[in-house]
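Colleague: One structure, as structure tokens, below. Some questions next.
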């Protein structure tokens with residue numbers, strides 16, 4: 165006989181209040197990132213430089229301990245949380261953040277002010293963590309790789325332009341305002357509900373455009389045009405004039421380039437800085453100098469990069485960078501842009517890719533008597549003058565536009581399709597082979613053992629950017645101006661290095 169019945173379960177009311185006994189220190193478990201951060205900040209690194217900023221020993225309210233703030237920020241960054249508001253919320257809702265902050269809940273403005281105030285201290289804190297890496301033998305000190313990651317910043321790309329562009333934009337906006345005012349005056353006479361609503365919308369539009377005009381006018385009156393490395397004006401940005409328009413594989417962004425130099429042994433970052441420029445060749449020297457200073461400090465040695473090897477991609481290839489490496493006795497390995505074309509392994513790449521090889525300098529024939537070059541189509545390129553380019557001096561040879569127009573070789577002669585209606589230009593260094601470091605590097609990189617060594621570049625540096633961008637979720641900079649963006653970038657590089665220390669403490673490298 166079947167009898168209806170109802171099952172009984174234990175109470176699972178999630179709304180029921182409970183008083184739980186929690187020991188915060190027990191929430192920080194060994195072999196975790198938060199354990200390493202807690203240990204480093206409390207026992208290993210010297211943060212006395214942060215104490216010097218507080219002068220409230222006799223008067224004023226007690227301040228949040230800067231060690232607590234640093235712990236929470238580093239932990240939040242390791243979780244991909246870099247908004248000050250979200251970090252403050254983390255201190256309220258996350259038990260590990262509560263443990264690191266000793267159950268304090270700093271306001272988001274306190275967190276934001278602390279981050280942006282570390283302009284002078286951030287380099288020292290980075291060095292302190294680097295010293296721990298050295299003590300734990302995580303730095304090999306013989307082979308390094310340098311590269312950068314381009315990230316958008318807290319600045320609108322649409323707010324960029326040369327001073328001429330910005331003035332034209334401002335004049336165009338003023339014409340729009342004048343038009344709207346005339347339209348508003350005519351509409352204002354209509355005593356209808358729809359007319360009144362239209363007037364209100366037009367007033368708001370006018371005020372918004374006027375605010376933009378005032379902003380551009382103020383910028384033009386207080387700033388000077390930005391000049392590029394060749395002395396020509398480059399685009400400024402009204403929102404953050406230290407950021408730059410940077411070309412990436414996903415299009416043009418307004419942002420910064422985070423550069424890092426990493427050691428080969430455990431991929432520890434030994435020098436790092438954010439630059440408001442897209443081209444990386446100009447970052448080579450300052451990063452090397454920072455690396456020298458950092459390594460000298462942690463090893464107590466002079467010229468720590470002397471005799472060591474630094475790998476860099478083609479973006480760093482220039483006579484100036486090669487000269488810098490030579491002066492510092494560094495074994496730099498920086499290939500030129502055409503080094504893969506000379507690689508026998510890529511001889512048949514046209515068959516696989518469907519693209520023809522581009523003509524290089526070796527495809528042009530020099531006529532010493534006429535001081536001209538003959539292109540593959542037997543057209544002459546005349547000497548048009550001397551030029552200093554990225555530290556390499558030489559002569560430019562250029563064809564006539566009429567010679568290039570309609571030539572069957574344009575697809576192989578011009579790298580960009582947009583240039584195929586112009587003139588072909590050829591740069592020839594005026595230095596002899598003995599002093600031409602660029603030519604020496606081209607010969608060097610073609611040696612099989614050097615190509616094998618260069619192939620290690622990606623395994624050293626690229627995992628770092630993968631870790632920071634995807635695992636730690638830094639897909640953009642949220643601050644403005646180079647000093648503040650640099651703080652955020654260095655903090656993320658510190659998080660990366662602390663992760664290496666965590667792995668070492670857990671026995672990952674034993």
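Numbering (the numbering used here), first residue to last: 165 to 674.
Each residue gets a CB set at the ideal place from its N, CA and C atoms; glycine is no exception.
No experiment lies behind these values; they were computed from the predicted model shown.
In terms of alpha-carbon separation, which member of 501, 263, 453 and 533 lies closest to residue 494?
Modeller: Per the C-alpha coordinates, the member of 501, 263, 453 and 533 positioned closest to residue 494 is 453.
Colleague: Nearest CA to the CA of residue 548: which residue from 539, 560, 538 and 451?
Modeller: 560
Colleague: Nearest to residue 215 by alpha carbon, out of 664, 467 and 278?
Modeller: 278
Colleague: For a test of the three-state rule: what should DSSP assign to residue 308, helix, strand or coil?
Modeller: Note: residue 308 maps to strand in three-state DSSP.
Colleague: What's the C-alpha gap between residue 514 and residue 503?
Modeller: Unreliable placement is indicated for residue 514, whose pLDDT of 45 sits below 50; no coordinate value is reported for it.
Colleague: Output the distance between the C-alpha atoms of residue 578 and residue 505, rounded to the nearest integer angstrom.
Modeller: 15 Å
Colleague: DSSP on residue 540, reduced to helix/strand/coil?
Modeller: coil
Colleague: So for residue 518, helix, strand or coil by DSSP?
Modeller: At residue 518, the pLDDT of 45 sits below 50, so the modelled position is not reliable; the number obtained from the coordinates is stated separately. Here residue 518 sits in coil by DSSP.
Colleague: Quick one: is residue 679 buried, meaning 16 or more other Cβ sit within 10 Å of its Cβ, or exposed?
Modeller: No answer is possible for residue 679: it lies beyond the span of the chain, which begins at 165 and ends at 674.
Colleague: Assess contact between the stretch 303-317 and the stretch 273-292, defined as three or more Cβ pairs (one per stretch) separated by less than 8 Å. Is contact present?
Modeller: Too few Cβ pairs lie closer than 8 Å, so no.
Colleague: Please report how far the alpha carbon of residue 307 lies from the alpha carbon of residue 611, in whole angstroms.
Modeller: 18 Å
Colleague: For residue 420 and residue 538, I'd like the C-alpha separation in whole angstroms.
Modeller: 42 Å
Colleague: Going by beta carbon distance, what residues of the same chain come within less than 7 Å of residue 669, once the five residues before and after it are set aside?
Modeller: 195 and 200
Colleague: With residue 188 as the anchor, note down where its alpha helix (DSSP H) starts and where it stops.
Modeller: Unbroken run through residue 188: none, as it is neither H nor E.
Colleague: Give me the Cα-Cα distance between residue 530 and residue 524, rounded to the nearest whole angstrom.
Modeller: 13 Å
Colleague: Assign residue 640 to buried or exposed, taking buried as 16 or more other Cβ atoms, counted over all protein chains shown, within 10 Å of its Cβ.
Modeller: exposed
Colleague: To the nearest angstrom, how far is it from the Cα of residue 205 to the Cα of residue 442?
Modeller: 35 Å
Colleague: Between residue 432 and residue 664, how many whole angstroms is the CB-CB distance? I'm expecting something under 8 Å.
Modeller: 5 Å
Colleague: Mapping the DSSP letters down to three states, classify residue 432 as helix, strand or coil.
Modeller: Correct three-state label for residue 432: coil.
Colleague: At which residues does the alpha helix (DSSP H) containing residue 591 begin and terminate?
Modeller: No alpha helix (DSSP H) contains residue 591, which is instead part of the beta strand (DSSP E) from 589-593.
Colleague: Considering only the beta carbon of each residue, do residue 642 and residue 258 sit closer than 7 Å?
Modeller: no
Colleague: Would the beta-carbon of residue 436 fall within 7 Å of that of residue 296?
Modeller: no
Colleague: Does residue 439 come out as helix, strand or coil in the three-state DSSP assignment?
Modeller: strand
Colleague: Taking Cβ positions, are residue 451 and residue 423 nearer each other than 7 Å?
Modeller: yes
Colleague: Based on the DSSP output, what are the partners of residue 293 in its beta bridges?
Modeller: Looking at the DSSP assignment, residue 293 forms no beta bridge with any residue, so it has no partner.
Colleague: Looking only at C-alpha atoms, which of 456, 481 and 207 sits nearest to residue 609?
Modeller: 481
Colleague: Rounded C-beta distance between residue 239 and residue 264? I'm assuming under 8 Å.
Modeller: The distance from the Cβ of residue 239 to that of residue 264 is about 6 Å, consistent with a contact at the 8 Å cut-off.
Colleague: Compute the Euclidean distance between the alpha carbons of residue 680 and residue 418, then round it to the nearest angstrom.
Modeller: The structure shown does not extend to residue 680, since the chain is modelled only from 165 to 674, so the question has no answer here.
Colleague: Out of 291, 402, 220 and 169, which has the shortest C-alpha to C-alpha gap to residue 657?
Modeller: Considering only alpha carbons, the answer is 291.
Colleague: By the 10 Å Cβ neighbour count, where 16 or more other Cβ atoms means buried, how is residue 223 classified, buried or exposed?
Modeller: exposed
Colleague: Less than 7 Å separating the beta-carbons of residue 483 and residue 469?
Modeller: no
Colleague: Taking all protein chains shown into account, decide if residue 407 is buried (16 or more other Cβ within 10 angstroms of its Cβ) or exposed.
Modeller: buried
Colleague: Between the Cα of residue 186 and those of 567, 234, 266 and 230, spot the shortest distance and give me the residue it belongs to.
Modeller: 266
Colleague: If we count the other Cβ atoms within 10 Å of its Cβ and call it buried at 16 or more, is residue 169 buried or exposed?
Modeller: Classification of residue 169: exposed, given that the 10 Å Cβ count is below 16.
Colleague: So, for residue 646: in the same chain, excluding its five sequence neighbours on each side, which residues have a beta-carbon less than 6 Å away from its beta-carbon?
Modeller: Cβ neighbours of residue 646 beyond the five flanking positions: 406 and 440.
Colleague: Work out the CA separation of residue 617 and residue 675 for me, nearest whole Å.
Modeller: As shown, the chain starts at 165 and ends at 674. That puts residue 675 outside it, with no answer to give.
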